[in-house]
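Peer 1: Quick one: this structure, given as structure tokens, is what I'll be asking you about.
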Amino acid sequence: MIEVRGISKKFNEKVVFEELSFTLDSGSMIAIIGESGSGKTTLLNCLGQLEEVDKGEIFINGEKILRKHKRKFFQEQAGFLFQNFALIDNETVKKNLQLVTKDQSKIVAALEKFQVEQLLNQKIFRLSGGEQQRVALAHLFLKNPPLIFADEPTASLDQKNKEIVIQTLQELNRQGKTVIVVTHDLELAKRLGRVIDLTELKKSDYLLA
Numbered sequence: 001m002i003e004v005r006g007i008s009k010k011f012n013e014k015v016v017f018e019e020l021s022f023t024l025d026s027g028s029m030i031a032i033i034g035e036s037g038s039g040k041t042t043l044l045n046c047l048g049q050l051e052e053v054d055k056g057e058i059f060i061n062g063e064k065i066l067r068k069h070k071r072k073f074f075q076e077q078a079g080f081l082f083q084n085f086a087l088i089d090n091e092t093v094k095k096n097l098q099l100v101t102k103d104q105s106k107i108v109a110a111l112e113k114f115q116v117e118q119l120l121n122q123k124i125f126r127l128s129g130g131e132q133q134r135v136a137l138a139h140l141f142l143k144n145p146p147l148i149f150a151d152e153p154t155a156s157l158d159q160k161n162k163e164i165v166i167q168t169l170q171e172l173n174r175q176g177k178t179v180i181v182v183t184h185d186l187e188l189a190k191r192l193g194r195v196i197d198l199t200e201l202k203k204s205d206y207l208l209a
């Protein structure tokens, strides 16, 4: 469960959100939508502990993530899927996945799942956007975290690769993972389950199942 208690965030003098409170049950799948600049990515980053809130508290399974425990949180609980893929461009696919596991058979199996096993020894910067996102999905599957934070994971992808991302997120959720996705794509949001409009969320407290 993720419990948010009265969090606020601003950049310089611009208030992104203020006194935001809500609860997300474990195993839920949430799509966060909202206008450009409404703070969707900032909220996701705060939930995923990538950014600090200015005020308020965030609890994961009843525990507040302290700064000294963030590394453990990233290693054991959180997985991320980004629009820019967040891979090491000048390293091979193999090297990127070895950051999760040294088990060659598991690496190959994960790549086979996403039909990119032939790219094992290719450097990331040589891959297309769709190929990079498939490698990022393989990375996510190998890590197998209970919490998944995805920021515009289908942006700039063709329809085939979008479908792979959507089906993968749905599969992970069926396995009991909590999946939180920021997107501007309303069609995608509806397919992912509960849709939360950040503009509306700012107006009142929510209990999200």
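For the sequence shown, the UniProt record's numbering gives the first residue as 1, with consecutive numbering after it.
Beta carbons: idealized from backbone N, C-alpha and C, even for Gly.
Remember, predicted model here, so these are calculated numbers, not experimental data.
(1) Just to confirm my understanding: we take Ala136, look at its own chain, exclude 5 residues before and 5 after, and list those with CB closer than 8 angstroms. What are they?
(2) Per DSSP, which one or two residues make a beta bridge with Met29?
(3) Determine which residues share a DSSP beta bridge with Glu63 and list them.
(4) State the start and end residues of the unbroken alpha helix (DSSP H) segment that holds Arg126.
(5) Which partner residues of Phe80 appear in the DSSP bridge assignment?
(6) With distances taken Cα to Cα, identify the nearest neighbour of Lys143 among Gly79, Ser26, Thr154.
(7) Using DSSP's beta-bridge definition, name the partner residues of Glu35.
(8) Which residue marks the beginning of the beta strand (DSSP E) containing Lys14, and which one marks its end?
(9) Lys9 by DSSP, collapsed to three states: which one?
(10) Pairs of beta-carbons, one from the region 30 to 45 and one from the region 70 to 79, closer than 8 angstroms: are there three or more?
(11) Tell me the DSSP secondary structure of Glu91 in three-state form.
(12) If I'm right that Leu93 touches Leu50 with Cβ under 8 angstroms, what's the distance once you round it to whole angstroms?
(13) DSSP three-state label for Tyr206, please.
(14) Drop a sphere of 10 angstroms on the beta-carbon of Leu99, count the other beta-carbons inside from all chains shown, and report buried for 16 or more, exposed for fewer.
(15) Which word fits Glu131, buried or exposed, when buried means at least 16 other C-beta atoms lie within 10 angstroms of its C-beta?
(16) Where does Lys72 fall in DSSP's three states?
(17) Would you tell me roughly how many angstroms separate the C-alpha atoms of Ile124 and Glu91, rounded to the nearest one?
(18) Kindly give me the distance between the Cβ atoms of Arg194 and Met29, rounded to whole angstroms, as I take these residues to be in contact under 8 angstroms.
(19) Is Phe74 near Ile60, with beta carbons less than 9 angstroms apart?
(20) Quick one: using the 10 Å Cβ neighbour count with 16 as the cut-off for buried, is Glu19 buried or exposed?
(21) Which whole-angstrom value is the C-beta distance of Ala150 and Val108, which I expect to be below 8 angstroms?
Peer 2: Taking the geometry as given:
(1) For this step, residue 136 is matched to residue 136 along the sequence shown. Within the same chain, Leu81, Phe82, Phe85, Ala86, Leu87 come within 8 angstroms of Ala136 by CB-CB distance, once the 5 residues on both sides are set aside.
(2) Stepping through the sequence shown from its first residue, residue 29 is reached at position 29. Beta-bridge pairing links Met29 to Val179.
(3) Taking the sequence shown and counting its residues from 1, the one referred to as residue 63 is at position 63. Its beta-bridge partners are Ile60.
(4) For the purposes of this step, residue 126 is taken as residue 126 along the sequence shown, with counting starting at 1. Here Arg126 belongs to no alpha helix (DSSP H), and DSSP marks it neither H nor E.
(5) By 1-based counting over the sequence shown, the position of residue 80 is 80. DSSP lists Phe149 as partners of Phe80.
(6) Residue 143 sits at position 143 when you count from the first residue of the sequence shown. Across the set Gly79, Ser26, Thr154, the C-alpha of Gly79 shows the shortest separation from the C-alpha of Lys143.
(7) For the purposes of this step, residue 35 is taken as the residue at position 35 of the sequence shown. The partner list for Glu35 (beta bridge, DSSP) is empty, contrary to what the question assumes.
(8) Along the sequence shown, read from residue 1 onward, the residue named residue 14 stands at position 14. Unbroken beta strand (DSSP E) run through Lys14: 14 to 24.
(9) Counted from its first residue, the sequence shown places residue 9 at position 9. DSSP places Lys9 in strand when its eight states are reduced to three.
(10) With contact defined as three or more Cβ pairs closer than 8 angstroms, the region 30 to 45 and the region 70 to 79 are not in contact.
(11) By 1-based counting over the sequence shown, the position of residue 91 is 91. Glu91: coil per DSSP, three-state reduction.
(12) In the sequence shown, the residue the question calls residue 93 occupies position 93. In the sequence shown, the residue the question calls residue 50 occupies position 50. Reading off the sequence, residue 93 comes out as Val, not Leu. In fact, because the Cβ distance is near 24 angstroms, the residues do not count as touching under 8 angstroms.
(13) As a working mapping, residue 206 is identified with position 206 in the sequence shown. The predicted position of Tyr206 is uncertain, since its pLDDT is 48 and thus under 50; a value taken from the coordinates is nonetheless stated next. Looking at Tyr206 - three-state DSSP - the assignment turns out to be strand.
(14) The count along the sequence shown starts at 1 and reaches residue 99 at position 99. With fewer than 16 Cβ atoms within 10 Å of its Cβ, Leu99 is classed as exposed.
(15) The residue you call residue 131 lines up with position 131 of the sequence shown. Buried: at least 16 other Cβ atoms inside 10 Å.
(16) By one-based count along the sequence shown, residue 72 stands at place 72. In the three-state scheme derived from DSSP, where H, G and I count as helix and E and B as strand, Lys72 is classed as helix.
(17) As a position in the sequence shown, residue 124 is number 124, starting the count at 1. As a position in the sequence shown, residue 91 is number 91, starting the count at 1. When rounded, the distance between both Cα atoms is 6 angstroms.
(18) Here residue 194 corresponds to residue number 194 of the sequence shown, with the count starting at 1. Here residue 29 corresponds to residue number 29 of the sequence shown, with the count starting at 1. With a Cβ gap of about 7 angstroms, Arg194 and Met29 count as contacting.
(19) Translated into the one-based positions of the sequence shown, residue 74 becomes position 74. Translated into the one-based positions of the sequence shown, residue 60 becomes position 60. Their beta carbons are not under 9 angstroms apart, which means Phe74 does not touch Ile60 by this criterion.
(20) Your numbering for residue 19 matches position 19 in the sequence shown. By the neighbour-count rule (16 or more Cβ atoms within 10 Å), Glu19 is not buried but exposed.
(21) The count along the sequence shown starts at 1 and reaches residue 150 at position 150. The count along the sequence shown starts at 1 and reaches residue 108 at position 108. About 25 angstroms separates the two Cβ atoms, so there is no contact after all.
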